[in-house]
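413 is the number that the UniProt record's numbering gives the last residue of the sequence shown; the numbers go up by one with no jumps. What follows is a short report on a single structure.
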Amino acid sequence: MSASTTTPVQVPLPNSLRSGPDGRGWFGEFGGRFVAETLMPLILELEEAYRAAQADPSFREELEFYYRDYVGRPSPLWFARRLTETLGGAKIYLKREELNHTGSHKLNNVMGQILVARRMGKTRIVAETGAGQHGVATATVCALFGLKCTVYMGATDVERQKPNVFRMNLLGAEVKPVTAGAGTLKDAMNEAMRDWVANVEDTYFLVGTVAGPHPYPEMVRDFQSIIGTETREQIMEAEGRLPDAIVAAIGGGSNAMGIFHPFLDDVDVKLIGAEAAGFGLDSGKTAASVSRGRPGVLHGNRTYLLQDADGQIDEAHSISAGLDYPGIGPEHSWLNDIGRVEYVGVTDQEALDAFQLCSRQEGILPALESAHALAHIVKIAPTMGKDQIIVMNLSGRGDKDIFTVAKHVGVEL
1 MSASTTTPVQ
11 VPLPNSLRSG
21 PDGRGWFGEF
31 GGRFVAETLM
41 PLILELEEAY
51 RAAQADPSFR
61 EELEFYYRDY
71 VGRPSPLWFA
81 RRLTETLGGA
91 KIYLKREELN
101 HTGSHKLNNV
111 MGQILVARRM
121 GKTRIVAETG
131 AGQHGVATAT
141 VCALFGLKCT
151 VYMGATDVER
161 QKPNVFRMNL
171 LGAEVKPVTA
181 GAGTLKDAMN
191 EAMRDWVANV
201 EDTYFLVGTV
211 AGPHPYPEMV
221 RDFQSIIGTE
231 TREQIMEAEG
241 RLPDAIVAAI
251 GGGSNAMGIF
261 HPFLDDVDVK
271 LIGAEAAGFG
281 LDSGKTAASV
291 SRGRPGVLHG
301 NRTYLLQDAD
311 GQIDEAHSIS
321 AGLDYPGIGP
331 EHSWLNDIGR
341 VEYVGVTDQE
351 ALDAFQLCSR
361 QEGILPALES
371 AHALAHIVKI
381 APTMGKDQII
391 VMNLSGRGDK
401 DIFTVAKHVG
411 VEL
């Protein structure tokens with residue numbers, strides 16, 4: 001990798017990789033709107049409301065107010081000195097999204113969507129959640145604005161993320177465990193969509209990642225892009241140039257898309273998504289949908305999915321509830337196929353090791369999701385020069401994961 005001399009670009013150019021999707025919601029051959037006929041009017045209404053919000057300066061002013069005074073933005077860019085010294089290569093910076101209110105990057109998107117929902121006159125919110133971070137963020141804004149909130153969560157995830165379930169209940173949300181399938185994020189999203197179809201008049205489906213029918217992948221990406229926009233300004237201030245590489249964990253892909261998108265046109269900045277390889281890419285127990293999936297349709301969009309020989313969706317596996325999803329956002333699928341982003345696999349054990357390394361070296365407990373990104377940095381940083389720079393998106397805090405980590409290291413809490 002070579003040092004970048006690219007001039008910062010904030011506005012997409014005519015031939016920019018940042019200009020997608022097209023008018024029908026496609027990124028190349030990925031994306032689209034695969035929904036029931038009853039949902040199409042609502043999807044079109046949502047797109048119209050989002051376009052109106054984008055064109056309204058008062059919407060941006062309101063969003064910036066809540067980002068600053070409620071979410072706590074901008075989040076810091078932290079130079080991880082001890083990690084850098086220990087790994088002995090490139091300088092490592094951490095974008096501290098875990099310091100946002102509610103402890104993850106999820107509130108960036110949720111705050112934007114709740115303002116859109118209010119403009120649409122919706123009085124009830126449904127959401128899906130895996131690790132609980134999106135559910136907590138959604139329950140938080142519903143409490144803030146006095147809206148009814150129902151969060152669907154796989155029964156397996158309810159068991160392994162008990163603190164977040166309790167937090168959602170404290171915030172006034174109804175958490176509905178989903179026992180279908182493996183009881184994980186895929187199944188929660190199925191149930192949330194069913195609820196939405198049955199209650200379209202007053203209900204807004206607040207999607208937590210860059211997936212689902214158009215315009216959700218675009219809208220979630222736009223709200224999360226605040227991460228990459230701030231990172232550009234902060235690394236320029238700290239180092240006077242752009243980083244050589246940016247690494248982020250990939251489940252559905254919202255935190256990765258948030259930090260990647262403002263850098264897509266900077267070809268000297270290498271972008272790397274760390275997928276959850278579970279027990280290993282070839283173990284049959286993985287959530288690496290790009291590395292081991294193929295194109296198909298799920299949850300309203302065409303994208304890379306884990307499938308069996310008959311095209312049925314395979315169950316995903318990851319130690320991290322937030323990455324335990326058999327698909328990925330359609331823009332990621334397109335970026336993989338055109339070669340702009342590299343997607344790599346990180347195992348459960350590698351993530352556990354990185355979780356403990358970050359805790360002891362930087363005094364920061366990262367979410368297990370974020371630990372997947374750090375585990376890849378552990379591999380590549382020593383191969384890079386000391387004058388090179390890596391930025392990692394630290395997408396959430398690991399307090400929610402201490403019971404999972406304790407179990408795997410043989411400690412009973």
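Idealized CB from N, CA, C, for every residue including glycine. Every value quoted in this text rests on a predicted model; they were computed, and no experiment measured them.
Hey, out of the options, whose CA is closest to residue i's CA?
i      : options                           : result
Phe403 : Leu83, Tyr66, Ser320 and Asn169   : Ser320
Ser254 : Leu42, Tyr325, Lys285 and Phe279  : Tyr325
Asp399 : Lys386, Ser359, Ile328 and Ile389 : Ser359
Asn109 : Gly135, Ile92, Arg82 and Lys122   : Gly135
Val197 : Pro41, Gln312 and Gly146          : Pro41
Met120 : Leu44, Gly20, Ala316 and Ile328   : Leu44
Gly385 : Asn164, Ile92 and Ser333          : Ile92
Gly327 : Arg221, Val341, Arg292 and Ser16  : Arg292
Ser16  : Gly322, Ala211, Val175 and His261 : His261
Glu97  : Leu87, Ala90 and Pro74            : Pro74
Asn106 : Gly208, Ala188 and Gly146         : Sequence check: residue 106 is Lys here, not Asn. Ranking the options by Cα distance to Lys106, first place goes to Gly208.
Gly132 : Leu39, Arg160, Lys122 and Met111  : Arg160
Ser333 : Val210, Pro76 and Glu128          : Val210
Thr38  : Ala309, Met193 and Val341         : Met193
Ala188 : Gly20, Arg340 and Glu128          : Glu128
Taking the straight line between their C-alpha atoms, what separation do you get for residue i and residue j?
i           : j      : result
Arg18       : Glu412 : 47 Å
Glu85       : Gly410 : 29 Å
residue 414 : Asp265 : A query on residue 414 cannot be resolved here, the shown segment of the chain reaching from 1 to 413 and no further.
Pro295      : Phe30  : 8 Å
Pro217      : Arg124 : 21 Å
Ile259      : Leu94  : 12 Å
His408      : Gly181 : 24 Å
Gly345      : Phe59  : 39 Å
Gly278      : Gly251 : 12 Å
Asn100      : Phe34  : 33 Å
Pro186      : Asp195 : In the sequence under discussion, the amino acid at residue 186 is Lys, which differs from the Pro named in the question. Near 15 Å, if we compare the C-alpha coordinates of Asp195 and Lys186.
Asp22       : Glu331 : 11 Å
Ile313      : Ser289 : 11 Å
Gly329      : Gly240 : 32 Å
Ala143      : Tyr66  : 14 Å
Ala3        : Gln388 : Unreliable placement is indicated for Ala3, whose pLDDT of 37 sits below 50; no coordinate value is reported for it.
Gln349      : Thr184 : 20 Å
Ala406      : Arg68  : 35 Å
Gly89       : Ile380 : 8 Å
Trp78       : Ile235 : 10 Å
Ala256      : Ser283 : 25 Å
Lys285      : Phe27  : 29 Å
Thr70       : Glu64  : The identity of residue 70 in the sequence shown is Tyr, whereas the question assumes Thr. Near 10 Å, if we compare the C-alpha coordinates of Glu64 and Tyr70.
Gly146      : Val220 : 22 Å
Throw me the rounded Cβ distance for the residue i and residue j pair, which I believe falls under 8 Å.
i      : j      : result
Leu374 : Pro382 : Wrong, their Cβ atoms sit about 14 Å apart, outside the cutoff.
Val378 : Leu357 : 7 Å
Thr150 : Val178 : Not quite, the Cβ-Cβ distance comes to about 12 Å (not below 8 Å), so this is no contact.
Gly362 : Gly396 : Looking at the sequence provided, one finds Glu at residue 362 rather than Gly. Between Gly396 and Glu362 the Cβ distance is about 15 Å, and since that is not below 8 Å, they are no contact.
Asn393 : Ile227 : 6 Å
His317 : Ala287 : 6 Å
Gly130 : Gly322 : 5 Å
* Asked: Is the region 238-252 close to the region 268-277, with three or more CB pairs under 8 Å?
  -> yes
* Return the chain-ordered ranges of every beta strand (DSSP E) run that is complete within the region 200-235 and spans a minimum of 3 residues. => For the region 200-235, whole beta strand (DSSP E) runs of length 3 or above, ordered along the chain, are 203-205.
* Asked: Does the pairing of the region 303-318 with the region 100-118 give three or more beta-carbon distances under 8 Å?
  -> no
* **Cβ contact (3+ pairs, closer than 8 Å) linking the region 346-355 and the region 193-207** => no
* Inspect the CB distances between the region 152-168 and the region 286-301 and report whether three or more fall short of 8 Å. => no
* Asked: Is it a yes or a no for the region 38-51 touching the region 210-224, going by three-plus beta-carbon pairs under 8 Å?
  -> yes
* To do: Could you tell me whether the region 128-143 touches the region 156-173, where touching means 3 or more Cβ pairs closer than 8 Å?
  => yes
* Of all the beta strand (DSSP E) runs that stay within the bounds of the region 255-340, which reach a length of 3 or more residues? -> 270-278, 294-298 and 301-305
* To do: Mind listing, in chain order, the continuous beta strand (DSSP E) runs of no fewer than 3 residues lying wholly within the region 105-175?
  => 124-129 and 148-154
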